[in-house]
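In mature numbering (1 follows the signal peptide of the UniProt record, and there is no 0), the protein residues as written are -19 to -1, 1 to 144.
To start, the structure under review is shown below, and the notes come after it.
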Ligand SMILES: Nc1nc2c(c(=O)[nH]1)N[C@H]1C(S)=C(S)[C@@H](COP(=O)(O)O)O[C@H]1N2
Ligand SMILES: [Mo]
């Protein structure tokens, strides 16, 4: 029955498309909450190689702490949310220093917000803003240049909770 075959093919394809292999290196990002894809217990864990394998984007911007326009590179946060089958309205972003903010996914999508791994082509480390830094395109969108979005520019990101 062609319809059943098609349904089976769709099922197999979508299962493959949504599989997330377990990290081989140290986990640098935990994604929790309302996600449809997990790889360890109820979490989707990423090592740096997995983050580097996602489609890369660049944002050239300054911000209120870095004066010169600087190049940031990494996946869009929306790519990460897609990879984990996120369903929700907000993400809670938690840093290694326990700094926490809640950001609407609408803003993440609208502004192509990055989870940057590189600043001027240099990998960011935990001594700086790394390994993962939330980067809004401040230079291209003047409406972002206020405390709300500066507060959402989380560095040393450790965990994202989809809500
Ligand atoms: N991990 C982490 N990210 C953070 C913060 C923080 O304390 N920890 N402070 C936020 C706030 S409140 C602002 S305004 C901007 C800039 O902070 P700064 O002015 O202290 O450099 O970074 C944001 N990102
Ligand atoms: Mo702030």
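Glycine is no exception: its CB is placed at the ideal position from the N, C-alpha and C atoms.
Annotation for residue -1: no beta strand (DSSP E) segment contains it, and DSSP assigns it neither H nor E.
The continuous beta strand (DSSP E) containing residue 13 extends over residues 10 to 14. Taking every protein chain shown into account, the CB of residue 6 has fewer than 16 other CB atoms within 10 angstroms, so this residue is exposed.
In the structure shown, residue 61 adopts helical secondary structure according to DSSP, grouped into three states. Within the segment 25 to 106, the runs of alpha helix (DSSP H) that reach at least 4 residues and sit entirely inside it are, in chain order, 29 to 34, 58 to 64, 86 to 91. Our two residues, residue 26 and residue 3, have alpha carbons roughly 7 angstroms apart in a direct line.
For residue 76, the shortest C-beta to heavy atom distance toward ligand 1 is below 8 angstroms.
In the structure shown, the three-state DSSP call for residue 5 is coil. Within the chosen limit of 8 angstroms, ligand 1 reaches the beta carbon of residue 135 through at least one heavy atom. In terms of Cβ geometry, residue 58 and residue 95 form a close pair [threshold 9 angstroms].
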